[in-house]
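This report refers to the structure that appears directly beneath it.
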Amino acid sequence: MTVSDPSRQPAEAAPGFAGLPEELWGRVFAYLDPVEDRVVTLALVCKKWSRVLRNTPDLWRTLSVCRHLEDHLYDSVAAALRAYGQHVHVLTWKSGVPVTPAVLALLPTLTNLRVLGLPVVWDREHIYRLMPLSGLEEVQINGAFELTDGDLELVARSFPELREVTFTACWDLSPEGVLSFLEQSAALHSLRLKLNVGLPLHDVRSDQAMLQGANLVLDLADSRFAHLLTVLHLNFVPLELDELWSCMNHFTRIRKLVITNCERLQGVRLRSGALQKLYLYNLWSVSFVSLWTPQLRSLHLDAGLENLEHLEVFAPKLRKLQVDGSGELRTLSVKSTKLSNVELYNCELLDGLGFTRCLGSNITVTVLSLGSIGMEALSLDQNRCPSLRELRLLADFRCTSLHLSCPTLRRLCADCDVMLPTLQIVSVVARHVDRLHLANVPGLQSLTVQCDRVDLVEINTTGNVNVCLENCAVQAVEELGTLRLLDCQVQALVLSAPLVRQLVLQRCMVTDYSLCMALRGCPNIQRLQLQKCSSLTRVSICRSLLQYLHLLDCRGILQVELTDCPKLLALDIGQCPNVRLFVQGSETTPNKYSAEMVWTGPPGKKAKVGERTKPVSI
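Pasting the structure below:
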């Protein structure tokens, strides 16, 4: 008989998660963010996890810092670069987030780095520090007034494999220096120029930087490298209308264009077959914008276009349009077959007929955000907006009446911080409304909703002001989910639906008769909640399938009548000190009512919602 050595016995698999194979642990860790989730600290848990982190290069391919971090997270980034830097291919940093000295010191050790984007100034010392990274293919160069033409030539010699370069805030580079860099970078196929970004205007060198920026754009357009430009930001660049038109015709691969603070531009006229995104800010001298851009996807005209009167866009693939009219926009013409998201505000002078005509010619609009337009009464129907699903009312919305007859409409909303003082009449006709939310409407007088199905209607949820609602009528052919009114003085409350999930009146002034008529219009209401409704003195519910009745702090209620309510599950009248309860015409107390109404189902079986059960009185 032989006795085996216990030390040579095969080890049993560890129970639970510890027994998972290393490949599976690698897949689990791949769902974590290397920076935000501090993946590097997992190596301290056990040797197996340490081995997984060391032998799974894909976990460390990309390190990206997208926000300001706590100090311990910066330390974890440095620790990750120190331990697994040979696996890192992409290292990027959000602009404005500080880069720690420990990270800068570890950059030369990242021998396999391919993409580098750090918000640090490239001077000669920094270039020497990066020289071991000869395999860099994509970099972001922030030059400020430190980077010179000679330094740029050193960059071209040190990184021969560069394929994509972004020049950001390089204020001391000359057109000759940039063209020489492009000449030496044989592998380069994409160039991004962000001219004069963050330029300090108080610096005496800023005027020279502006002129150099304009000359660079003109010289690049006339050179054989014009096709390399894919992104162009023009800030404080003294270009004129004809010069911009000519340059854009030469930039055949440009995808994104941003123009800000260019005071010589009297207008913007562009014709480009490649442009996909266009942003215009602070162009106070521009009076018109005319675009012919077949590939344009996004157009954003922000504040500062103080003289813009005409906007004309031909962009069949345009999907998103955002326009700040600055109170001067008068005409709007947009032709697109894919436009889905439109946001217009500060357009007090916009022609109402032209606006509705523009909507009618873009029938694919699904999300419409509206501020001030030149109309007192806004009416949208299925002919003008056949695909509209969501309407958002912005802070400067000034229409007095809003009439919507759009079968596809799902949402009508205004945020809590948006006050709509002029809105008085709202009428909605649709098939299925998910949410109708008007948080701050002090002038609302009439609300009418007619739909097949309504999930949620909320009015005046901020509670800052009282609303005198003369008429509130909600009709649902199939079902009404929740109707919630806060701080409203309701003169006529009309509800019509075969099923109402919940009716909530909070701090509302409503008469006994109005509430009685509303409840009779929806006998299948499931939950009724009245809170601090001081004007009510009597609540009468007859022949209803009501399940929950909550009367919270309604101190004026003297009488509650319940007649033929077989589904009632809970009754809460504890905060109504003077109330008298009548059931089937006879007065009773809540405790006695609870004792008498006992569920008569099979013994040993629990009650379900909708079955006869014992009400709970509080």
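Sequential numbering of the sequence shown, starting at 1, is according to full-length UniProt numbering.
We treat Cβ as the ideally placed atom computed from N, Cα and C, and that holds for glycine.
None of these values were measured; they are calculated from a predicted model.
Q: Label lysine 194 either buried or exposed according to how many other C-beta atoms from any shown protein chain fall within 10 Å of its C-beta, with 16 as the threshold for buried.
A: buried
Q) Which same chain residues, not among the five before or five after asparagine 307, have their C-beta less than 7 angstroms away from its C-beta? A) Trp284, Ser285, Val286, Ser287 and Glu328
**Q.** Assigned secondary structure, glutamine 140 (DSSP; H/G/I helix, E/B strand, else coil)
**A.** When secondary structure is reduced to three states using DSSP, glutamine 140 falls in the strand class.
Q: Measuring alpha carbon to alpha carbon, tell me which of Gln382, Glu138 and Glu478 ends up nearest threonine 166.
A: Glu138
Q) Roughly how many whole angstroms lie between the Cα atoms of aspartate 351 and glutamate 309? A) Taking the straight line from one Cα to the other gives about 11 angstroms.
Q: Report buried or exposed for glycine 96, applying the criterion of at least 16 other Cβ atoms within 10 angstroms of its Cβ.
A: With fewer than 16 other Cβ atoms within 10 Å, it is exposed.
(Q) Please report the straight-line C-alpha distance between leucine 423 and leucine 280, rounded to a whole angstrom. (A) 31 angstroms
(Q) With H, G and I counted as helix, E and B as strand and the rest as coil, what does DSSP make of valine 45? (A) coil
**Q.** Reduced DSSP secondary structure (H/G/I, E/B, other) of glycine 150
**A.** DSSP places glycine 150 in helix when its eight states are reduced to three.
Q) Using CA coordinates, which residue listed in Leu110, Glu146 and Val467 is at the minimum distance from arginine 129? A) Leu110
Q.
Quick check on leucine 20: does DSSP put it in helix, strand or coil?
A. Residue state for leucine 20 is assigned as coil, using DSSP reduced to three classes.
(Q) As a quick exercise: from Leu469, Val490 and Ser496, pick the residue whose alpha carbon is nearest that of cysteine 451. (A) Taking only the C-alpha atoms, the option nearest cysteine 451 is Ser496.
Q.
Whole angstroms are fine: how far does the CA of histidine 550 sit from the CA of arginine 507?
A. Cα to Cα, arginine 507 sits roughly 14 angstroms from histidine 550.
Q) Quick one, are the C-beta atoms of glutamine 491 and glutamate 478 less than 7 angstroms apart? A) no
Q | Under 7 angstroms between C-beta atoms of serine 369 and glutamate 343 | A | yes
**Q.** Residues near valine 449 by beta carbon distance below 6 angstroms, same chain, minus five either side
**A.** Val428 and Val474
Q.
Is there a Cβ of chain C sitting closer than 7 angstroms to that of leucine 106, yes or no?
A. Among the chains of the structure shown, chain C does not appear; only one protein chain is present.
**Q.** Host beta strand (DSSP E) of valine 403 (start-end)
**A.** In the sequence under discussion, the amino acid at residue 403 is histidine, which differs from the valine named in the question. Element bounds for histidine 403: 401 to 405.
(Q) For the region 62 to 71 against the region 87 to 106, do three or more pairs of beta-carbon atoms, one drawn from each stretch, fall closer than 8 angstroms, so that the two count as touching? (A) yes
(Q) Going by C-alpha to C-alpha distance, which of His250, His437, Thr482 and Leu402 sits closest to serine 446? (A) Leu402
Q.
Assuming contact is defined by CB atoms lying nearer than 7 angstroms, are cysteine 576 and serine 544 in contact in what I supplied?
A. no
Q. So glutamate 153 and valine 121 are in contact, right, with Cβ under 8 angstroms, and what is the actual spacing, rounded?
A. About 18 angstroms; that fails the 8 angstroms criterion.
**Q.** Rounded separation between methionine 517 and leucine 552 - CA only
**A.** 21 angstroms
Q) Would you call aspartate 71 buried or exposed, if buried means 16 or more other Cβ atoms sit within 10 Å of its Cβ? A) exposed
Q. Cα separation between aspartate 381 and histidine 432?
A. 15 angstroms
Q) Taking just the CA atoms, how far does serine 540 sit from tyrosine 513? A) 9 angstroms
Q) Among residues of its own chain, excluding the 5 on either side of glycine 443, which ones have a beta-carbon nearer than 7 angstroms to its beta-carbon? A) Correct list, in chain order: Pro421, Thr422, Leu423 and Gln424.
Q: Report the rounded CA-to-CA distance for leucine 486 versus cysteine 385, giving the unit in angstroms.
A: Taking the straight line from one Cα to the other gives about 31 angstroms.
(Q) Going by C-alpha to C-alpha distance, which of Cys416, Val426, Arg411 and Met419 sits closest to glutamate 434? (A) A small fix is needed here, since residue 434 is aspartate in this sequence, not glutamate. Residue Arg411 is the option with its Cα nearest to aspartate 434.
Q) Can you give the beta carbon distance from lysine 338 to threonine 364, rounded, assuming they're within the 8 angstroms contact cut? A) 6 angstroms
**Q.** For isoleucine 254, the residue or residues it bridges with in DSSP
**A.** Partner(s): none; isoleucine 254 has no beta bridge.
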